[in-house]
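Enquirer: Residues 56 to 102 in this note's numbering are what the sequence shown lists, from first letter to last. Glycine included, each C-beta is placed from N, C-alpha and C at the ideal position.
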Amino acid sequence: KSHLDLVAHVPGADKSKFEAAVKAAETGCPVSKLFKAEISVTARLES
């Protein structure tokens, strides 16, 4: 089991696109698939 806390500073970033990218990374991580690890992510976009 693994948990990632992500705080990102991305000037001009769109919140919905950021959240979609985080979700895609969470579900598509090749390393977690290889080890069959459960991954959770808490993400926050700061402006």
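Identify whether residue 68 lies in helix, strand or coil by the three-state DSSP scheme.
Expert: Looking at residue 68 - three-state DSSP - the assignment turns out to be coil, as it is neither helix nor strand.
Enquirer: Since residue 95 is in the beta strand (DSSP E), which residue starts that stretch and which ends it?
Expert: Start and end: 94-101.
Enquirer: Taking the alpha helix (DSSP H) that residue 88 falls in, what are its first and last residues?
Expert: Residue 88 -> alpha helix (DSSP H) spans 85-90.
Enquirer: Using C-beta distances below 8 Å, list every residue in its chain close to residue 67, excluding the 5 sequence neighbours before and after it, in chain order.
Expert: Answer for residue 67: no residue qualifies.
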